[in-house]
Each structure stands twice: as C-alpha cells, then as structure tokens.
Amino acid sequence: MAEGEPGLRDSFSSKFGVIAAAAGSAIGLGNIWRFPYVAGQNGGAVFLIIYLLFIAAIGIPVMMSEFVIGRSAQRNPVGAFKLIAPGKKWYFVGLLGVVSAFIILAFYTVVAGWTLEYLVQSVKWMATSGRIGFSQMDNAALKEFFTGHYQGFIDGKWRPILWFVVMMFFTGYIVISGVKNGIEKYAKILMPVLFLLLIVLVVRSVTLEGAGEGLLFLFRPDFSQLVHAPVRIIIEALGQAFFSLSIGMGTLITYGSYIQKKENLAGTAVNVAAADTFIAVVAGMAIFPAVFAFGIDPGEGPELVYITLPAIFQRMPGGLIWAFMFFLLLCFAALTSTISVLEVIVAYFSEQLS
Numbered sequence: 161m162a163e164g165e166p167g168l169r170d171s172f173s174s175k176f177g178v179i180a181a182a183a184g185s186a187i188g189l190g191n192i193w194r195f196p197y198v199a200g201q202n203g204g205a206v207f208l209i210i211y212l213l214f215i216a217a218i219g220i221p222v223m224m225s226e227f228v229i230g231r232s233a234q235r236n237p238v239g240a241f242k243l244i245a246p247g248k249k250w251y252f253v254g255l256l257g258v259v260s261a262f263i264i265l266a267f268y269t270v271v272a273g274w275t276l277e278y279l280v281q282s283v284k285w286m287a288t289s290g291r292i293g294f295s296q297m298d299n300a301a302l303k304e305f306f307t308g309h310y311q312g313f314i315d316g317k318w319r320p321i322l323w324f325v326v327m328m329f330f331t332g333y334i335v336i337s338g339v340k341n342g343i344e345k346y347a348k349i350l351m352p353v354l355f356l357l358l359i360v361l362v363v364r365s366v367t368l369e370g371a372g373e374g375l376l377f378l379f380r381p382d383f384s385q386l387v388h389a390p391v392r393i394i395i396e397a398l399g400q401a402f403f404s405l406s407i408g409m410g411t412l413i414t415y416g417s418y419i420q421k422k423e424n425l426a427g428t429a430v431n432v433a434a435a436d437t438f439i440a441v442v443a444g445m446a447i448f449p450a451v452f453a454f455g456i457d458p459g460e461g462p463e464l465v466y467i468t469l470p471a472i473f474q475r476m477p478g479g480l481i482w483a484f485m486f487f488l489l490l491c492f493a494a495l496t497s498t499i500s501v502l503e504v505i506v507a508y509f510s511e512q513l514s
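Under the working numbering, the residues of the sequence shown are numbered 161 to 514, in order.
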C-alpha cells in the first residue's frame with residue numbers, strides 16, 4: 161500500500177479485534193516474565209501502587225495520543241510525523257520508534273525462543289520424569305538440575321538459534337497474513353486462551369498451603385521500602401509502565417492507523433491499559449503464592465521463571481502439567497508482542513519503499 165493512499169489501508173474489523181490486538185501488543189513477557197521479579201525486587205505492593213499511578217497518569221494519556229496520531233495520519237510512525245508536521249524534523253521521533261522496534265525484536269525473540277525450549281522440555285520431562293528421578297530430589301537437587309539445564313541451554317550453540325528462528329517464523333507468518341486475517345484473527349484466539357490459562361494457574365497457585373504470604377506480599381504495602389530505595393523503585397515502576405504498555409516504540413501509532421474512525425480511542429486506550437494491568441497483577445497472583453508456599457526469594461530475577469518455577473512445579477501434584485500450561489502461556493504472551501513489534505518494521509518499509 162502506498163503511503164499516499166490511506167483510504168486503501170487495511171483495518172481492524174471489530175472493537176474486540178482492536179482491543180485484542182492492542183492488548184496483545186501490551187500484554188507480553190513484560191507482564192508475566194518481568195513484572196513479578198521486578199515487583200519482587202522492589203517491595204511488592206509498594207511497587208504495584210506506584211506502577212498503577214504511572215499507568216493512570218502517564219501510560220493511558222500517552223497511549224491515547226499515539227492512537228490519535230496513528231488514526232489521523234493513517235501512516236507508519238515516520239510517515240505519521242511527516243504528515244502532521246510537514247517540513248519539520250519531527251519524523252525523527254517516528255524513526256526512533258522504528259529503530260527501537262528493531263532493537264526490541266532482536267532481544268525479545270531470543271527470550272521468546274527460550275519459552276519454546278521450556279515448553280518442549282516440559283513435555284519431555286513429563287515423559288521421562290521417572291527416569292530422571294524428580295520425585296527423589298530435594299529442593300537443592302531440583303534447583304541444581306534446572307540451573308544446569310538453564311545454563312546449558314543459554315550457553316549452547318544451536319538450540320537458542322533454532323528457537324529464535326521458529327519464533328520469527330510464526331511471527332512473520334502472522335504479520336504477512338495482514339491485519340484482519342493475521343494480527344486480528346490470531347489475537348482473538350491467543351488473548352482469550354492466554355487469559356484462561358492464567359486464571360487456571362492462579363486458582364492452582366492460591367490453593368497451595370502457605371500461599372497467603374505471597375498474596376500479602378503483592379497487595380499489602382510496606383512504605384518503609386520507599387525510605388530505603390525511593391528513586392530506584394520509582395524509576396523501575398515508570399520503566400515497567402512504559403515497557404508493559406509498548407509506549408514509545410511505534411507499535412501504538414502503527415496499530416492506531418488500523419483503527420476505524422467509528423471506534424472510541426479513549427475507551428480503547430483505557431480498555432487496553434486495564435487489560436494489561438490486570439494480566440500483570442494476575443501473573444503476580446499466579447507466581448508469588450507459589451514462590452512463598454515453597455519458601456523461595458521473590459526477588460530472584462529472570463531465573464525465577466526459568467529455574468525456580470520449574471523446580472517448584474516438580475513439587476506440586478501434577479506439576480509437570482502445570483509447567484506445560486505455564487510455558488504455553490508464556491509462548492502466547494511472547495508471540496502477541498513479537499507480532500506487534502515486527503508489524504512496526506514491516507509497515508515502515510512497505511509504505512516507505514512503495
């Protein structure tokens with residue numbers, strides 16, 4: 161589609177499609193993988209309160225602004241700024257968004273590939289659990305096993321590359337299929353399934369003995385944390401708000417250009433932010449109760465997902481099934497985000513080159 165032909169531009173076909181696609185962009189590993197450990201490192205409920213304030217005060221207005229720019233211009237981020245500020249240098253802002261999309265896609269698809277590795281491994285572990293001897297391992301042995309697997313995988317030569325390529329293939333296939341038949345179609349499937357998987361995991365997590373401590377950690381504020389490291393907590397909360405909502409990377413401008421004129425942008429922005437925040441909080445409810453039930457440090461970092469949680473799952477009845485569901489959830493969350501980031505790049509080059 162040529163940049164001068166906005167009338168021919170593809171668009172989302174329904175309000176649910178808009179919200180599902182935009183929420184899919186916002187809801188990703190930032191909610192399920194990053195939010196729990198960042199919250200754990202920064203005081204739990206105190207971090208959550210500051211995070212929610214930033215979402216309301218900054219996140220929603222900026223998201224709305226990006227939607228407005230995209231829909232009014234009917235262009236990719238660079239073309240949008242060229243149209244609304246002709247002859248000015250503001251198009252560099254849009255170009256920064258495209259460059260950011262390149263950088264984010266480069267690392268995001270790598271981490272997303274890790275989730276595919278663990279999804280496949282969870283099936284393998286189910287099939288060979290007796291031979292591995294999970295039931296005979298104590299906590300230290302379980303953690304040593306999964307630490308060894310994690311280090312062996314990320315230090316490997318071909319498996320990280322293989323899963324990166326697989327994730328890029330799925331992402332590229334959906335983006336090439338178009339807005340209605342690709343992005344919107346799969347968002348309508350992936351987002352409800354993601355939500356249901358997360359709810360099932362929450363129900364299992366909160367029914368563990370000792371899970372109440374995890375819920376208190378997440379929802380009971382301890383403002384003394386602000387005395388010890390106020391600047392760090394505030395910066396982390398602001399960064400998480402921007403990262404989680406996909407602000408400033410061109411995604412929302414690009415998706416905004418596919419939103420029909422009849423859609424209420426303010427309502428869409430609020431719905432997307434609400435869905436994103438809800439998933440982040442519910443992800444915390446799925447992870448923290450299990451972490452506290454088994455006496456694990458909630459601030460362990462990225463290893464919480466790839467080392468600690470797999471070890472925890474082994475100690476639950478039917479744990480390998482829960483592990484499979486959790487990593488399937490992560491795969492879906494990662495895919496909806498890689499789709500949106502790649503779309504920024506594809507939209508830019510397809511319109512600029514045409």
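C-beta atoms are modelled at their ideal positions from N, C-alpha and C, and glycine is treated no differently.
Among the options, whose alpha-carbon lies nearest the alpha-carbon of residue i?
i, options, result
"residue 520", "413, 428, 453", "Missing from the structure shown is residue 520; the chain here goes from 161 to 514 and no further."
"residue 271", "309, 321, 253", "321"
"residue 392", "210, 342, 334", "210"
"residue 240", "339, 417, 295", "417"
"residue 474", "200, 288, 217", "288"
"residue 454", "219, 366, 308", "366"
"residue 510", "172, 221, 354, 238", "238"
"residue 496", "171, 172, 184", "184"
"residue 216", "330, 397, 331", "397"
"residue 169", "353, 419, 337", "419"
"residue 218", "464, 406, 493, 253", "406"
"residue 463", "193, 180, 173, 498", "193"
"residue 295", "476, 375, 307", "476"
"residue 342", "500, 285, 243, 471", "500"
"residue 256", "248, 408, 297", "408"
"residue 253", "423, 494, 458, 410", "410"
"residue 298", "490, 471, 514", "471"
"residue 394", "198, 180, 186, 187", "198"
"residue 340", "513, 514, 512, 173", "173"
"residue 133", "186, 358, 188, 316", "The requested residue 133 does not occur in the structure, where the chain is confined to residues 161 to 514."
"residue 375", "450, 335, 336", "450"
"residue 485", "513, 434, 364, 336", "364"
"residue 180", "514, 512, 513, 493", "493"
"residue 220", "186, 248, 246", "186"
Using a Cβ-Cβ cutoff of less than 8 Å, which residues in the same chain neighbour residue i once the five nearest sequence positions on both sides are dropped?
i, result
"residue 505", "258, 261, 262, 265"
"residue 313", "274, 277, 319, 320"
"residue 389", "202"
"residue 228", "416, 425"
"residue 244", "229, 232, 233, 250"
"residue 489", "192, 354, 357, 358, 361"
"residue 335", "342, 343, 499, 502, 503, 506"
"residue 161", "Bear in mind that a pLDDT of 40 at residue 161, under 50, signals an unreliable position, so the number given afterwards is only what the model happens to contain. For residue 161, where only same-chain residues beyond five positions count, the Cβ hits under 8 Å are 168, 169, 170, 510, 511, 514."
"residue 491", "272, 275, 276, 279"
So, at 6 Å on beta carbons, what are the nonlocal neighbours of residue i in its own chain, with the 5 sequence-adjacent residues on each side left out?
i, result
"residue 403", "190"
"residue 445", "362"
"residue 377", "204, 448"
"residue 182", "415, 432"
"residue 507", "236, 414"
"residue 166", "Confidence in residue 166 is poor, its pLDDT being 48 and thus under 50, which makes the residue's placement too unreliable to answer from."
"residue 466", "310"
"residue 214", "397, 398, 401"
"residue 437", "215"
"residue 164", "Per-residue confidence for residue 164 stands at a pLDDT of 43, beneath the threshold of 50, marking its modelled position as unreliable; the derived number appears in the next sentence. For residue 164, where only same-chain residues beyond five positions count, there are no Cβ hits under 6 Å."
"residue 251", "238, 241, 242"
"residue 435", "183"
"residue 285", "480"
Less than 7 Å between C-beta atoms, sequence neighbours within five positions excluded: which residues of the same chain meet that for residue i?
i, result
"residue 487", "275, 278, 279, 282"
"residue 440", "191, 195, 404"
"residue 224", "425, 426, 429"
"residue 498", "265, 268, 269, 272, 327, 331"
"residue 338", "170"
"residue 222", "407"
"residue 423", "175, 178"
"residue 212", "437"
"residue 386", "206, 393"
"residue 188", "493, 494, 496, 497"
If I'm right that residue i touches residue j with Cβ under 8 Å, what's the distance once you round it to whole angstroms?
i, j, result
"residue 369", "residue 177", "Not a contact, Cβ separation roughly 42 Å."
"residue 502", "residue 372", "The Cβ separation is near 42 Å, so there is no contact."
"residue 293", "residue 458", "The pair is not a contact, with the Cβ atoms about 28 Å apart (cut-off 8 Å)."
Just checking: is the beta-carbon of residue i within a distance shorter than 9 Å of some beta-carbon in chain D?
i, result
"residue 314", "Absent from the structure is chain D; it holds one protein chain and no more."
Three or more C-beta pairs below 8 Å linking the segment 315 to 335 and the segment 465 to 485: no
Touching by the beta-carbon criterion (3+ pairs, under 8 Å), the segment 197 to 206 and the segment 382 to 391: yes
Validate contact between the segment 294 to 313 and the segment 347 to 357 using beta carbons, cut 8 Å, 3 pairs: no
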